[in-house]
Amino acid sequence: MKLDPVEHLPASPGDELQTRKFQRELSAGLTALVLLAVLARTEADLYGYEIARRLAGDGEVAGPFKLGALYPVLRNLSAAGLLSSRVVPSYAGPPRRYYRITPRGREALESWHATWTGTRDFVDAILRPASDQETSP
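Counting from 24, one number per residue, gives the positions in the sequence shown under our numbering.
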């Protein structure tokens, strides 16, 4: 039986749904930021699966990001001029679309990174227990 960590009561089925909904909404807002960051760190053009592998690092999954969710975001970033893309025929399957960050994408990354840092710091300060805040400088 799964216990609710706050109330030490059996967790309701709705708790897991709310957690998944929260994770999905949080991931949706961060996907574009991390995709731009991955592409900014390389001079090579990358296709979707390569990007997902770089997000995963040594793990098997790309953090909270699902592979299928990356492609619509890549298309949107490309349509907005933040990425350029090109299609390359593949001998072992369908053609692959390769992406590269544009100068405009680098500007957006810088701005979004600053927004993320400010948001993260704000949320961390709110979530930090009062006892930790009293001892912080």
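In this text, a Cβ means the ideal position worked out from N, Cα and C, and glycines have one as well.
This structure is a prediction, so every number in the text was calculated from the model and none was measured.
Item: Could you pull out every residue in the same chain whose Cβ sits closer than 8 Å to the Cβ of T54, ignoring the five residues on either side in sequence?; Value: F88, A92, L93 and V96
Item: Please state whether the Cβ-Cβ distance between L59 and L132 is less than 8 Å.; Value: yes
Item: Express the C-alpha separation of Y114 and A148 in angstroms, rounding to a whole number.; Value: 52 Å
Item: Can you name the start and end residues of the beta strand (DSSP E) that S108 belongs to?; Value: L106 to V111
Item: Taking all protein chains shown into account, decide if D27 is buried (16 or more other Cβ within 10 angstroms of its Cβ) or exposed.; Value: Reliability fails at D27, whose pLDDT of 49 lies under 50, so the model's placement of it is uncertain and no value is given.
Item: Taking the continuous beta strand (DSSP E) assigned at Y122, which residues delimit it?; Value: R119 to I124
Item: Classify L40: buried if its beta carbon has 16 or more other beta carbons within 10 angstroms, exposed otherwise.; Value: exposed
Item: When you compare each of F45, P112, S50 and K44 to Y70 by their alpha carbons, which one comes out closest?; Value: P112
Item: Buried or exposed: where does A102 fall if 16 or more other Cβ atoms within 10 Å of its Cβ makes it buried?; Value: exposed
Item: Could you check whether L150 and L106 sit closer than 8 Å to each other, using their CB atoms as the reference points?; Value: no
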